[in-house]
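Since the structure comes first, as structure tokens, the remarks are kept for the end.
Residue numbers (the numbering used here): 107 to 446.
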């Protein structure tokens, strides 16, 4: 069979199968990259903090070629065109373009093609991406945390995602691999185990490889000051991933040039046994407190309710969505609770 035809057929199947999952373990049937509701996490109209690019030299560059070794992948050391990309917030990266695939003029054009896409990524990713490798091939992009690299393969897939407008989301996903995969630790796993779902089947099938990249993308959409998710997607994500999203909030990532909403759930110790039941169903019953007033925030740090504590110490809460919430009291006590 023609391998190019087979690749294109599989790709089209993924692109056209974007349904919500009926599986109780995850929200979306495919990876977040293929859900059209996530195509505008970053937009072409968003600010890019690209400063400049410059050609440096010809050098041997270590890069992962997932098509080498009969499709099993291998580390290769091709002679490459080397460029430097500088951003306005004083960070930079090295772009390496495989000479066997590109002339010098074509390499210049490839740098031009991707520089602004890269400039729209949040600081926390750009600061963690040190190497950007570009080569020809019909393959998904890749990202490696150990050497902080991303791999861009130019072929049918890259042409399609540029045309469809989710190239920034592809770079966002692989950039999270490059910059954030170190977060697979006990804290992440603890919060993940509290959540009810994975964001996608891809994350569910590969929990210790894809969960952070898949979750970070939707977290960034939620953190944007103009929330980039539909109401349906917002509700599904916030109800299924509330603990992991709250954990990412607690890390206080710099997301420049993206303008984020203000977080009010800053890191602090939470008191236990100050309310019941927990999880909450219809009302919050406060106990063992001497506070007079309260403010409640959702896990994104957005204030959802405030008021004076009544004599019965009951706060009605039946009209709110399921998920993770935080109460701040005027006596400096803080309480974390779940709404069922």
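The C-beta atom is built at its ideal place from N, Cα and C for all residues, glycine as well.
Taking the straight line between their C-alpha atoms, what separation do you get for residue i and residue j?
i           : j           : result
residue 205 : residue 315 : 31 angstroms
residue 374 : residue 433 : Residue confidence is low: residue 374 scores 43 on pLDDT, short of 50, so the model does not pin down where it sits. Its coordinate-derived value is still stated next. Near 12 angstroms, if we compare the C-alpha coordinates of residue 433 and residue 374.
residue 193 : residue 387 : 48 angstroms
residue 175 : residue 252 : 21 angstroms
residue 212 : residue 300 : 49 angstroms
residue 371 : residue 406 : Summary for residue 371: the model assigns pLDDT 47, below 50, so the residue's position carries little reliability; its value from the coordinates is reported in the next sentence. Taking the straight line from one Cα to the other gives about 8 angstroms.
residue 390 : residue 422 : 6 angstroms
residue 180 : residue 207 : 17 angstroms
residue 215 : residue 292 : 43 angstroms
residue 442 : residue 358 : 19 angstroms
residue 426 : residue 395 : 24 angstroms
residue 196 : residue 241 : 27 angstroms
residue 419 : residue 412 : 14 angstroms
residue 336 : residue 329 : 14 angstroms
Flag this pair as yes or no: are the beta carbons of residue i and residue j separated by less than 8 angstroms?
i           : j           : result
residue 361 : residue 230 : yes
residue 400 : residue 435 : yes
residue 235 : residue 248 : no
residue 302 : residue 346 : yes
residue 278 : residue 381 : no
residue 444 : residue 384 : yes
residue 280 : residue 144 : no
residue 169 : residue 155 : no
residue 244 : residue 258 : no
residue 469 : residue 142 : The structure shown has nothing for residue 469, since the chain only spans 107 to 446.
residue 237 : residue 260 : no
residue 250 : residue 285 : no
residue 294 : residue 220 : no
residue 228 : residue 364 : yes
residue 439 : residue 397 : yes
residue 209 : residue 190 : no
residue 136 : residue 304 : no
For residue i, which residues from the same chain have a beta carbon less than 6 angstroms from its beta carbon, with the 5 sequence-adjacent residues on both sides left out?
i           : result
residue 152 : 226
residue 367 : 331
residue 309 : 316, 317 and 320
residue 115 : For residue 115, the predicted model reports a pLDDT of 36, less than 50, meaning its position is unreliable; a value from the coordinates is still stated below. Closer than 6 angstroms at Cβ, skipping near neighbours: no residue.
residue 342 : 133
residue 267 : 273 and 276
residue 351 : 325 and 405
Within a Cβ cutoff of 8 angstroms, which residues of the same chain sit near residue i, ignoring the five residues on either side of it in sequence?
i           : result
residue 164 : 185, 186, 187, 188 and 205
residue 282 : 231, 249, 318, 319, 322 and 323
Provide the residue span of the beta strand (DSSP E) that contains residue i, from first to last.
i           : result
residue 200 : 198–204
residue 428 : Looking at the DSSP string, residue 428 is not in any beta strand (DSSP E), and its letter there is neither H nor E.
residue 324 : It is not in any beta strand (DSSP E) - residue 324 instead sits in the alpha helix (DSSP H) that spans 317–329.
residue 288 : No beta strand (DSSP E) contains residue 288, which DSSP labels as neither H nor E.
residue 161 : 156–166
residue 443 : 440–445
Between which two residues does the alpha helix (DSSP H) holding residue i run?
i           : result
residue 294 : 292–300
residue 229 : 229–232
residue 400 : Premise fails: residue 400 lies in the beta strand (DSSP E), 399–404, not in any alpha helix (DSSP H).
For residue i, which residues in the same chain have their Cβ closer than 7 angstroms to its Cβ, ignoring the five residues on either side in sequence?
i           : result
residue 334 : 146, 147 and 327
residue 172 : 179, 245 and 248
residue 428 : 345, 445 and 446
For the putative contact between residue i and residue j, defined by C-beta atoms under 8 angstroms, what is the C-beta separation to the nearest angstrom?
i           : j           : result
residue 430 : residue 340 : Actually they do not touch by this definition, with Cβ atoms about 14 angstroms apart.
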